[in-house]
Amino acid sequence: PALTPLCPPLAEKTGQVLEEFCRCYKEQYGVALFNSVRYEIEGSGGPQAQLLHRKVPLEDHVIYSGNLFQYIEENKKWRNRFCVVPHNYGLVLYENKLAYERVLQPRVLVNSAGYKILTSLDQYLELVNGSLPGATSKSGNSPILKCPTQFPLILWHPYARHYYFCVMTGKEQDKWRAVFQDCVRHCNNGIPEDSKVEAPAFTDAVRMYRQSKEQYGTWDMLCGNETQILSNLVMEELVPELKSTIGPRLKGKTQERQRSWIQISDAVYRMVYDQTKTQYDAVLTKCELERPQMESTIRTDMDQIITSKEHLASKIRAFVLPKAEICVRNHVQPYISSILEALMTPTSQGFAEVREVFFKEVTDMNMNIVNEGGLEKLVEYMEKLSQLAFHPVKMQSCYEKMDQLKLEGLQQRFDVSSTSVFKQRAQILMRQQMDDAVHTFETLLHQELGKLQGKDDLCKSIQRILERVLKKYDYDSSTVRKKFFREALLQITIPFLLKKLAPTCKGELAKFQELIFEDFASFILVENTYEEVVLQSVMKDIMQAVKEAAVQRKHNLYRDSMVMHNSDPNLHLLGEGIPIDWGEEYGGQPDAEPTSDKRRRAKQVVSVIQDDEGALPYEEHEPQEPEPPASPGSPGSVQEIREMLQKEVLEEPAGAAGAEAEERLTNGTIVTQESGAAEGGPREATWAAGCAPRDAVPQGPASTGTLARSPLAEQQLDPESPKPSDKETGEEVSAAGSEGSAGPAAAGSTESGEAVQTEF
1 PALTPLCPPL AEKTGQVLEE FCRCYKEQYG VALFNSVRYE IEGSGGPQAQ
51 LLHRKVPLED HVIYSGNLFQ YIEENKKWRN RFCVVPHNYG LVLYENKLAY
101 ERVLQPRVLV NSAGYKILTS LDQYLELVNG SLPGATSKSG NSPILKCPTQ
151 FPLILWHPYA RHYYFCVMTG KEQDKWRAVF QDCVRHCNNG IPEDSKVEAP
201 AFTDAVRMYR QSKEQYGTWD MLCGNETQIL SNLVMEELVP ELKSTIGPRL
251 KGKTQERQRS WIQISDAVYR MVYDQTKTQY DAVLTKCELE RPQMESTIRT
301 DMDQIITSKE HLASKIRAFV LPKAEICVRN HVQPYISSIL EALMTPTSQG
351 FAEVREVFFK EVTDMNMNIV NEGGLEKLVE YMEKLSQLAF HPVKMQSCYE
401 KMDQLKLEGL QQRFDVSSTS VFKQRAQILM RQQMDDAVHT FETLLHQELG
451 KLQGKDDLCK SIQRILERVL KKYDYDSSTV RKKFFREALL QITIPFLLKK
501 LAPTCKGELA KFQELIFEDF ASFILVENTY EEVVLQSVMK DIMQAVKEAA
551 VQRKHNLYRD SMVMHNSDPN LHLLGEGIPI DWGEEYGGQP DAEPTSDKRR
601 RAKQVVSVIQ DDEGALPYEE HEPQEPEPPA SPGSPGSVQE IREMLQKEVL
651 EEPAGAAGAE AEERLTNGTI VTQESGAAEG GPREATWAAG CAPRDAVPQG
701 PASTGTLARS PLAEQQLDPE SPKPSDKETG EEVSAAGSEG SAGPAAAGST
751 ESGEAVQTEF
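Residue numbers (the UniProt record's numbering): 1 to 760.
Put into structure tokens, the structure is as follows:
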């Protein structure tokens with residue numbers, strides 16, 4: 001109710017921000033389209049990646065599933081939940097394992113983009129107090145909630161609702177934390193990497209908009225899909241006003257004000273998200289309708305457009321370059337080697353650990369085959385090995401190497417708000433390289449199996465293939481890391497240079513507009529060309545620094561002049577074949593089986609520590625106002641809920657809503673629902689939203705944005721790097737409904753009080 005009078009002003013402010021952004025997006029769309037077509041025509045050179053890339057690595061797999069306890073805010077009680085993490089990395093919460101196997105409607109679906117995973121209440125309290133309007137609580141005050149075990153897991157978001165879980169042991173906590181972090185890492189990387197026009201147009205538009213507000217440098221909330229990122233952009237401007245307006249109205253104890261602020265922030269975020277999606281979809285549709293005509297003009301006048309752009313660039317270069325070179329020489333060049341070394345050490349250690357983990361897993365498999373023998377054991381081990389890259393616990397030793405990344409004084413000098421964007425990008429590349437190595441290994445081994453005779457031949461062949469794959473990995477790892485270092489250096493230095501040069505250069509750019517022919521104004525922008533000139537002023541120093549590191553063989557980097565000729569000319573043809581299913585091909589498993597049986601026997605990447613449902617040692621909830629009398633039969637304990645659900649399962653036919661929701665949950669969409677009726681409180685829909693640091697693509701200048709996003713600029717940056725893709729795609733989510741319902745609600749009802757359908 002407190003938000004009701006604020007809704008019109010909030011909607012108006014949101015509309016203003018989005019209108020300005022959409023103007024930026026339409027401008028950047030034409031530039032990105034031109035770059036894409038130019039790249040398509042001119043092509044790119046460079047060596048081919050040695051390792052194979054798997055397009056759909058997690059099909060028919062579940063990352064993890066198991067029991068944990070969730071804190072239900074509506075009635076302030078802890079409840080048992082069975083959590084499933086499917087191949088799209090959503091968190092899907094069911095009443096219990098039986099509900100999941102019977103394909104009942106899930107309780108909650110969470111997209112974790114933008115969330116932080118916390119393992120202590122103190123960490124959580126510090127973040128909550130930092131966002132609370134007005135005075136923060138003193139150290140002696142009690143926390144916002146009490147955890148019945150010593151092992152909490154909290155999902156915190158700066159704008160959206162928070163999620164509270166706990167487990168019984170430290171070992172469980174470590175495993176769930178690794179799983180949750182993998183979900184966040186994956187969902188943060190929400191913009192499709194194979195988009196050659198929309199993605200660079202979007203990221204450049206975000207950067208241009210923020211620079212127009214004097215906000216340079218990295219941005220932690222460039223995360224999730226486009227609508228999530230735009231919602232974060234709006235919230236960044238709304239929250240200060242909201243705090244000054246709402247803050248004085250928050251009454252009660254600190255804990256009550258904390259809860260109220262979290263609920264208000266979440267409600268505003270939902271409103272912003274819905275409005276953002278509508279406006280962004282509209283501008284996207286408009287650009288798509290105009291694309292055929294624009295593309296026709298580009299292809300017809302390509303030479304003239306290039307000539308016009310080069311003429312503009314030469315004029316801007318004559319004006320800007322002398323100032324830029326002085327700035328680079330005095331403020332950037334002395335620090336490039338220090339930044340590079342700070343990046344190289346943890347990143348290369350992480351990639352070395354990927355190599356070590358892969359080597360150890362294959363070697364252990366080979367030794368076990370020697371001891372236990374035969375093709376049957378090979379099939380068993382290969383099914384596990386094929387998903388090694390997506391095993392959060394086994395990959396944790398690789399990922400945690402990036403925790404050592406510290407830029408120290410350089411971080412303040414270059415206005416880098418956080419190193420998380422670089423850590424996450426490096427971790428995604430590690431996972432990608434691991435999966436490429438595993439996929440190449442299993443493809444080569446599968447090809448050899450028909451030629452082998454006996455266990456000894458099999459073991460020798462495994463060892464020989466392992467050595468071949470490791471050589472390929474070393475080469476590809478060097479190429480990928482060098483590209484990452486160049487991108488990271490650009491992302492750190494370019495925004496700094498733009499900010500330094502803005503007072504003397506930016507105001508003079510308008511005079512160059514007259515040099516652009518009107519017919520080409522959609523494809524050539526003065527601002528973008530200016531930033532490309534700034535990029536060129538520092539690019540030579542960055543390329544030289546990375547080249548010197550490779551010449552010195554630092555961290556096992558290969559020199560640019562070293563080209564590994566493809567020793568397996570037919571390997572990439574093999575990689576385009578039908579995906580290998582070891583269990584089906586060699587294990588004789590039947591294809592057709594009921595959905596519930598498929599769920600019970602779903603291939604799971606991470607083994608379960610504790611599969612049996614547990615109960616908390618005690619239940620603890622905070623004092624509250626007396627609740628209205630619960631409806632007859634409304635449960636008040638975990639055991640009662642369990643018994644009630646078992647009765648419902650026996651009485652109610654299984655619906656397909658749960659399976660559909662699980663399949664349709666994607667990186668960019670959240671549908672969350674928490675039914676209060678089953679908890680003894682009012683039925684109420686809950687909602688979760690996310691955002692996340694975009695992959696560490698240079699977000700500085702237009703050309704830095706296009707550097708990693710536009711094929712043309714990617715060619716400029718790294719003409720020899722492979723073009724890997726690490727995106728597991730999914731369909732749009734549109735399923736939401738009442739829990740356990742196979743009726744109208746399960747089909748997507750959005751009636752007030754019954755269900756909330758939010759595409760997120």
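All C-beta atoms in this analysis are idealised placements derived from N, C-alpha and C, irrespective of residue type, glycine included.
None of the values given here were measured: they were computed from a predicted structure.
Asked, Found
"Let's see if you can read the secondary structure: which residues bound the alpha helix (DSSP H) around Gln279?", "254-300"
"Would Leu238 pass as a contact of Thr276 if the rule is Cβ separation under 8 Å?", "no"
"Output needed for Arg481: all residues of its chain with C-beta closer than 7 Å, excluding positions within five of it in sequence on either side, in chain order.", "Thr347, Ser348, Phe351, Leu557"
"For the alpha helix (DSSP H) that Gly409 lies in, which residues bound it at each end?", "409-413"
"What is the rounded straight-line gap between the Cα of His439 and the Cα of Leu466?", "12 Å"
"Does the separation of the CB atoms of Phe21 and Ala205 fall below 8 Å?", "yes"
"I need the boundaries of the beta strand (DSSP E) containing Arg553, first residue and last residue.", "First-last for Arg553: undefined, no H or E at that position."
"Put Cys166 into one of helix, strand or coil per three-state DSSP.", "strand"
"Applying the 10 Å Cβ sphere with the 16-neighbour rule, what's the burial state of Asn330?", "exposed"
"CA-CA distance, Ile462 and Ala437?", "14 Å"
"In chain order, what residues of the same chain lie with their CB nearer than 7 Å to the CB of residue 793, ignoring the 5 residues before and after it?", "Outside the displayed span of the chain (1 to 760) sits residue 793, for which this structure offers no information."
"Could you give the distance in angstroms between the alpha-carbon of Phe180 and the alpha-carbon of Lys171?", "14 Å"
"Leu445 to Gln396, Cα distance in whole Å?", "27 Å"
"Considering Cα atoms alone, identify which of Ile246, Leu52, Ile41, Gln16 is closest to Leu470.", "Leu52"
"Taking the alpha-carbon of Lys286 as reference, which of Glu198, Val551, Phe358 has the nearest alpha-carbon?", "Glu198"
"For my contact list, Val546 and Ile492 are in at a C-beta cut-off of 8 Å; report their separation, rounded to the angstrom.", "About 14 Å; that fails the 8 Å criterion."
"Going along the chain, which residues of its own chain have a beta-carbon closer than 7 Å to the beta-carbon of Leu132, five neighbours each way excluded?", "Arg257, Gln258, Trp261"
"So, are the CB atoms of Ile524 and Ser308 less than 8 Å apart?", "yes"
"Can you tell me whether His439 is helix, strand or coil according to DSSP?", "helix"
"Sorted by chain position, which residues of the same chain lie with C-beta nearer than 7 Å to Met294's C-beta, five sequence neighbours on each side aside?", "Gly30, Leu33, Ser522"
"Identify whether Ile516 lies in helix, strand or coil by the three-state DSSP scheme.", "coil"
"Cα separation between Asn80 and Leu93?", "10 Å"
"Tell me, to the nearest whole angstrom, how far the beta carbon of Tyr89 is from that of Cys183; I am working on the premise that it is less than 8 Å.", "5 Å"
"Below 8 Å, how does it come out for the segment 495-510 and the segment 335-343: are there three or more Cβ pairs, yes or no?", "no"
"Does the Cβ of Glu226 have 16 or more other Cβ atoms within 10 Å, making it buried, or fewer, making it exposed?", "buried"
"Taking a contact to mean a Cβ-Cβ separation below 8 Å, would you say Cys187 touches Ser112 in this structure?", "yes"
"My guess is that Arg54 and Gln427 are in contact by the Cβ rule of under 8 Å, so how many angstroms apart are they, rounded?", "Arg54 to Gln427, Cβ: 18 Å. No contact."
"Taking all protein chains shown into account, do 16 or more other C-beta atoms lie within 10 angstroms of the C-beta of Asp435, making it buried, or fewer, making it exposed?", "buried"
"Closer than 6 Å by C-beta to Glu652: which residues in its own chain qualify, once you throw out the five before and the five after it? Chain order, please.", "Only weak support is given to the placement of Glu652: the predicted model assigns it a pLDDT of 38, under 50, and the value that follows is read from those uncertain coordinates. Answer for Glu652: no residue qualifies."
"So, with DSSP's three-state summary, where would you put Trp219?", "coil"
"Measuring straight from C-alpha to C-alpha, what distance separates Ala550 and Val17?", "45 Å"
"Distance check for Lys360 and Met367, CA to CA, integer angstroms please.", "10 Å"
"Do Leu242 and Val283 have their beta-carbon atoms positioned less than 8 Å apart in this structure?", "no"
"What is the DSSP secondary structure of Gly66, reduced to helix, strand or coil?", "strand"
"Tell me where the beta strand (DSSP E) around Arg79 begins and ends.", "77-86"
"Rounded to the nearest angstrom, what separates Val37 and Thr300 at their Cα positions?", "11 Å"
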